[in-house]
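Chemist: Mind the numbering: the sequence shown is residues 51 to 469 in our numbering, read in order.
Ideal Cβ placement from N, Cα and C applies to all residues, glycine included.
Pasting in a structure now, in structure tokens, and then I'll have a few things to ask.
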Amino acid sequence: MRYRYVIFDIDGTLIDSTEAIDLGLREMAREVLGRPLTDAEAERGKGLSAPRALEAMGMAPSEQNVQLWMTRMFDHWDDVDLYQGIMPMLDALRGRGCTLGLVTADTAYEIRNGFARFGLMGRFAATVTADDTKNNKPDAEPLLHCLDLLGARPEEALYVGDGRSDAECAAAAGVDFALACWRKRPLREPVRARAYCPTPWHVVELAELEAPTAEREPWLAWCRELQAIGQIGEFYTTDVFDLERFQRIRQMADECMSRLSGLPLRRIEDLFDDGECYQTPKMDSRAAVFDEEGRICLVREYGAWSMPGGWIDQGQTIFSNAAKEAREEAGLQVVPERIIALQEHNLHNAHPKPWGIIKCFVLCRNLGGEFRDNDETLGRAFFARDQIPPMNDSKTTRAQVEMCFAALDAGDAWQPIVD
């Protein structure tokens with residue numbers, strides 16, 4: 051695991067409470083100030099605990115005003131819900147052995163009367179509210195206190211939030227920060243983050259995977275980029291001297307890749323030999339096929355398992371290739387129905403490649419069929435989500451299989467994940 055501990059903000063991260071908070075604030079402000087609150091005043095309180103927010107907006111941070119705000123906010127609480135994908139994300143993280151925590155600017159009263167209604171509190175090993183520390187976000191104290199409660203070191207943890215105060219809190223505590231971008235609202239100011247997560251599922255993969263290839267093995271990324279620059283330059287240049295320079299860049303990239311990877315130079319040259327053309331990624335399709343009991347079909351390849359799939363052949367589309375691979379490798383007749391995700395292999399799978407690979411995951415309707423002996427797979431079986439076998443991570447990871455389960459659960463509401 052890249053992170054053993056994943057800690058979450060609540061409002062705007064786990065629950066879509068922004069509108070209820072804002073409506074409650076504006077109703078309270080009208081009673082207290084006798085006039086509407088301006089957008090500029092409201093903006094000054096974003097991400098702060100209730101007393102500090104009131105003070106920043108020019109209102110007395112009294113217990114009476116805080117309580118009035120909370121009362122008006124909870125008048126709108128029936129419209130508040132979890133963001134789509136939150137429950138599967140939390141369950142997947144815990145299933146991988148991650149310990150979860152909460153660090154929020156909410157008070158204990160808000161947690162008891164708001165967030166606790168969703169029945170999630172038992173999933174979190176530690177909760178730090180605005181009442182638990184002297185200083186609140188963006189100060190580091192709340193996050194450091196949570197790390198102390200969890201027995202975690204900063205480098206073992208990831209903090210997930212939706213705004214600048216969350217990012218600054220994480221930076222001050224020395225904790226990596228992931229910005230929750232699934233709230234589908236524009237940010238008013240830039241936020242620096244280790245990762246920008248368009249869906250909750252990205253947090254699962256971020257927590258599970260090693261650091262990106264570019265961090266673990268920067269030479270691989272450099273060689274790939276040099277090879278692409280040389281090949282593109284060869285294709286477009288009209289100058290004979292530039293042509294020689296671009297050819298030499300390609301040779302140097304090949305030699306560096308061979309020396310650092312241990313592969314023979316001839317093998318490297320073959321891998322990169324796409325002729326005189328613009329270098330583009332390869333494409334791989336994977337068929338997500340489920341049986342009537344909601345179990346996913348996996349095929350076995352010499353001790354490890356993967357989803358049926360492979361390179362998209364010439365003359366095939368993403369969907370037709372997924373159907374072909376399901377038929378050839380698993381003996382199943384399927385109807386491809388929707389895209390689950392388009393992912394870059396080197397960001398998600400083991401054994402990074404010297405070229406780009408776009409992996410296309412396709413949800414397919416199962417029409418049945420019998421497994422037949424073939425040259426690629428040794429057998430097939432259907433697995434429940436809590437019985438996923440050892441995976442061939444260079445082809446399909448456990449996280450990718452669980453992503454497909456999440457897509458099945460979401461049905462038509464699933465939004466394709468695209469790197």
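1. Please state whether DSSP places F369 in a helix, a strand or coil.
2. For the alpha helix (DSSP H) containing S215, list its first residue and its last residue.
3. Helix, strand or coil: how does DSSP classify W405 here?
4. Suppose you measure from the CA of T249 to the CA of T177; what does that come to, to the nearest Å?
5. Straight-line CA distance for E191 to T183?
6. Could you check whether D334 and C273 sit closer than 8 Å to each other, using their CB atoms as the reference points?
7. Can you give the beta carbon distance from L193 to A155, rounded, assuming they're within the 8 Å contact cut?
8. Output needed for L229: all residues of its chain with C-beta closer than 6 Å, excluding positions within five of it in sequence on either side, in chain order.
9. Nearest-angstrom Cα distance between G135 and W251?
10. Taking only three categories from DSSP, how would you classify L310?
11. Under DSSP, the beta strand (DSSP E) around M333 begins and ends at which residues?
12. In the DSSP output, what is T287 paired with across the bridge?
13. What does DSSP give as the partner residue(s) for Q393 in the beta ladder?
14. One question on the structure: do F296 and E284 come within less than 8 Å of each other, judged by their Cβ atoms?
15. Might you give, ordered along the chain, the residues of its own chain that have their beta carbon closer than 6 Å to the beta carbon of F165, omitting 5 neighbours on each side?
16. Closer than 8 Å by C-beta to R203: which residues in its own chain qualify, once you throw out the five before and the five after it? Chain order, please.
17. Return the chain-ordered list of same chain residues with a C-beta closer than 6 Å to the C-beta of E426, the five sequence neighbours on each side being excluded.
18. So what does F432 bridge to, in DSSP terms?
19. On the criterion of 16 or more Cβ atoms from any shown chain inside 10 Å, does R430 qualify as buried, or is it exposed?
20. Where does P466 fall in DSSP's three states?
21. By alpha-carbon positions, which one of E394, E105 and L152 ends up nearest to F174?
22. Would you check if the distance between the CB atom of Y53 and the CB atom of E206 is smaller than 8 Å?
23. Which residue comes first and which comes last in the alpha helix (DSSP H) that contains D141?
24. From the DSSP secondary-structure annotation, give me the bridge partner or partners of F58.
25. On a Cα-Cα basis, can you pick out the residue from K96, G418 and D459 that is closest to E69?
26. Give the single residue among A100, M107 and P101 whose Cα lies nearest to the Cα of D89.
27. Among V290, L293, A303 and F340, which residue has its Cα nearest to the Cα of W269?
28. Flag this pair as touching only if the segment 334 to 347 and the segment 400 to 420 have three or more C-beta atom pairs under 8 Å; answer yes or no.
29. By alpha-carbon positions, which one of T446, R102, M78 and A460 ends up nearest to H398?
30. Taking 7 Å as the limit between beta carbons, can you name the residues of its chain near L132, skipping five residues before and five after?
31. Let's test the definition: count the other Cβ atoms within 10 Å of the Cβ of R122 and tell me whether it reaches 16, buried, or not, exposed.
32. Do you know offhand how far V385's Cα is from A373's?
33. Within 10 angstroms of the Cβ of M307, are there 16 or more other Cβ atoms? Answer buried if so, exposed if not.
34. What residue does the beta strand (DSSP E) around F227 start on, and which one ends it?
35. With DSSP collapsed to three states, give me the class of T263.
Modeler: With the given structure in hand:
1. In the structure shown, F369 sits in a helix (DSSP, three-state: H, G or I).
2. Element bounds for S215: R214 to A223.
3. If DSSP states are grouped into helix, strand and coil, W405 belongs with coil.
4. Distance between the alpha carbons of T249 and T177 is about 23 Å.
5. If I take the Cα positions, the gap works out to 7 Å.
6. No. Outside cutoff.
7. That pair is no contact at about 12 Å.
8. Excluding residues within five positions, the ones whose Cβ falls inside 6 Å are V241, A243 and Y246.
9. Using only the alpha carbons, I get a separation of about 7 Å.
10. Residue state, collapsed to three classes: helix.
11. Start and end: K332 to V339.
12. DSSP lists no partner for T287.
13. Partner(s): K409.
14. Yes; because the gap between Cβ atoms is below 8 Å, this pair is in contact.
15. Same-chain partners within the cutoff: I60.
16. For R203, same chain residues with a beta-carbon under 8 Å away, outside a window of 5 residues either side, are L197 in chain order.
17. Cβ-Cβ distances below 6 Å link E426 to E379 in the same chain, with the five nearest sequence neighbours on each side left out; the list follows chain order.
18. Paired residues: C347.
19. R430 is buried by the Cβ-count criterion.
20. Per DSSP, reduced to three states, the secondary structure at P466 is coil, with no helix or strand assignment.
21. With distances taken between CA atoms, F174 lies nearest to L152 out of E394, E105 and L152.
22. With respect to the 8 Å criterion, Y53 and E206 are classified as neighbours on the basis of their beta carbons.
23. Counting along the chain, the alpha helix (DSSP H) containing D141 begins and ends at I136 to G145.
24. DSSP output for F58 lists L152 and V210 as bridge partner(s).
25. Closest option to E69, judged by alpha-carbon separation, among K96, G418 and D459: K96.
26. Ranking A100, M107 and P101 by CA distance to the CA of D89 puts M107 first.
27. It is A303 whose Cα lies nearest to the Cα of W269.
28. Three or more pairs of CB atoms, one per stretch, sit closer than 8 Å, so the segment 334 to 347 contacts the segment 400 to 420.
29. Ranking T446, R102, M78 and A460 by CA distance to the CA of H398 puts T446 first.
30. In the same chain as L132, and ignoring 5 residues on each side of it, the C-beta atoms closer than 7 Å to its own belong to L64, I65 and F168, in chain order.
31. Taking every protein chain shown into account, the CB of R122 has 16 or more other CB atoms within 10 angstroms, so this residue is buried.
32. V385 and A373: Cα-Cα distance of roughly 7 Å.
33. Flag for M307 reads buried.
34. First-last of the beta strand (DSSP E) with F227: D226 to A230.
35. Note that T263 scores 49 on pLDDT, short of 50, meaning its location in the model is unreliable and no value can be drawn from it.
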